[in-house]
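Undergrad: Numbering-wise (our numbering), the sequence shown opens with residue 736 and increments by one.
Glycine is no exception: its CB is placed at the ideal position from the N, C-alpha and C atoms.
Once you've had a glance at the structure underneath, I'll fire off some questions.
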Amino acid sequence: MTPAGRFAPSPSGELHVGNLRTAMLAWLFARSTGRDFLLRVEDLDRARAGAEAEQLRDLEAVGVTWDGAVVRQSDRGSVYAEAIGRLAAAGLTYECFCTRREIQEAPSAPHAPLGAYPGTCRDLDPAELEFRRSTRPAAVRLRAEVTEYTVRDVLHGEFTAVVDDFVLRRNDGVTAYNMAVVVDDAAQGIDQVVRGDDLLPSTPRQAYLASLLNIPIPEYAHVPLVVNSDGARLAKRDGAVTLADLSRAGVSAADVRDLILRSLGLPPGTLEHALAAFQPANLPREPWVWNGP
């Protein structure tokens, strides 16, 4: 299987400038290292009708191309179930009946981040387990055997974070993001993951899960986000931030592509043209503040 990088949007709406910048960076990282570049639609949750087509259109408009067919997570339920089954057979899962509110109100372990699972359902006795099953559906959690895990990131160096007993499958039967992304990356031969640095804190969980499944841990590069003038992560509520909105204001997709390339210290033009000047070590390490074109 050819080594590959990827971009994996959730089809919840149109891509904005921040999403497009991350996609372009993922493409540049992959192509500069001779990898294939794949596209995966993460549609297990928050899918809006028509959004996938809009996103593919916008990626093509700024010059992001991909190899092979688009993969959709909604087609891969049996693959996730098999992986969870392997963990269960090894004694590495358990049923959890806690609500979000119960988790938030429960005492946390020392130094654990807010919202980390406190282990309430980890060791229920058989009678309590049967009672809980009669009250509500169960989620499936990982029975983690570590409290933290360290990954290496191209831009951030070594990064260590807490690993708790995170959810593998929600109580509505939907596979959780951390589970699906690990399985999908391995199945697609993705050995380079380039994404926004807001996802860096969850990366040690994913790398640890990969180790339990005997899956190679990919090379990670978490890139700075695009933020608004207040320093908050860019969102559609910040005005003209999608290609469609910017087009109505007279800004073409090529103009947006060139703005993004300049923000990265790269020459404007096609991505193929920018590729010759691309060096990860020279990338800006601070968020790009979007004040409009």
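When DSSP labels each residue in this structure, what does L779 get in the three-state scheme?
TA: Residue state, collapsed to three classes: coil.
Undergrad: Measure the Cβ-Cβ separation of V902 and V881 and say whether it is below 8 Å.
TA: It is not a contact, given that the beta carbons lie outside the stated cut-off.
Undergrad: Could you tell me whether the Cβ atoms of V917 and I950 are closer together than 8 Å?
TA: Cβ distance < 8 Å, so V917 and I950 count as in contact.
Undergrad: What does DSSP give as the partner residues of A874 in its beta bridges?
TA: Looking at the DSSP assignment, A874 forms a beta bridge with C831.
Undergrad: If the criterion is Cβ atoms closer than 8 Å, does the pair R871 and F832 meet it?
TA: Yes, the pair counts as a contact, with Cβ atoms nearer than the cut-off.
Undergrad: I think F1013 touches L827, with their Cβ atoms under 8 Å apart; what is that distance to the nearest whole Å?
TA: Their Cβ separation, rounded to whole angstroms, is 40 Å, which puts F1013 and L827 out of contact at 8 Å.
Undergrad: For Q923, which of V889, R775 and G974 has the nearest alpha-carbon?
TA: Checked all of V889, R775 and G974; the closest Cα to Q923 is R775.
Undergrad: Between D771, L794, R1020 and V1024, which has its C-alpha nearest P959's C-alpha?
TA: Looking at the Cα atoms, R1020 is the closest of the given residues.
Undergrad: Which same chain residues, not among the five before or five after R992, have their C-beta less than 7 Å away from its C-beta?
TA: Answer for R992: V797 and G798, listed in chain order.
Undergrad: Following the continuous alpha helix (DSSP H) through L944, name the residue where it begins and the one where it ends.
TA: Run containing L944: T938 to L947, per the alpha helix (DSSP H) assignment.
Undergrad: Assess, as a yes-or-no matter, whether the region 956-976 is touched by the region 811-829 under the definition of 3 or more beta carbon pairs within less than 8 Å.
TA: Flag = no, the region 811-829 and the region 956-976 do not touch.
Undergrad: At the level of alpha carbons, what is the spacing between T834 and R983?
TA: Rounded to whole angstroms, T834 to R983 spans 44 Å at the Cα level.
Undergrad: Going by DSSP, what residues sit across from R741 in a beta bridge?
TA: For R741, which the question treats as bridged, DSSP gives the partners L773.
Undergrad: So who's on the other strand from T885, going by DSSP bridges?
TA: In the DSSP output, where bridge partners are listed per residue, T885 has T895.
Undergrad: Residue range of the alpha helix (DSSP H) that H751 falls in?
TA: It is not in any alpha helix (DSSP H) - H751 carries neither H nor E in the DSSP assignment.
Undergrad: Pick helix, strand or coil for W762, following the three-state DSSP scheme.
TA: If DSSP states are grouped into helix, strand and coil, W762 belongs with the helices.
Undergrad: For Y943, I'd like the list of residues in its chain whose CB is within less than 6 Å of its CB, leaving aside the five on either flank, ordered along the chain.
TA: Counting only Cβ-Cβ distances below 6 Å, and skipping sequence neighbours, we find Y884 and V898.
Undergrad: Decide if the region 736-748 is in contact with the region 773-791; the criterion is three or more beta carbon pairs, one per stretch, under 8 Å apart.
TA: These segments touch.
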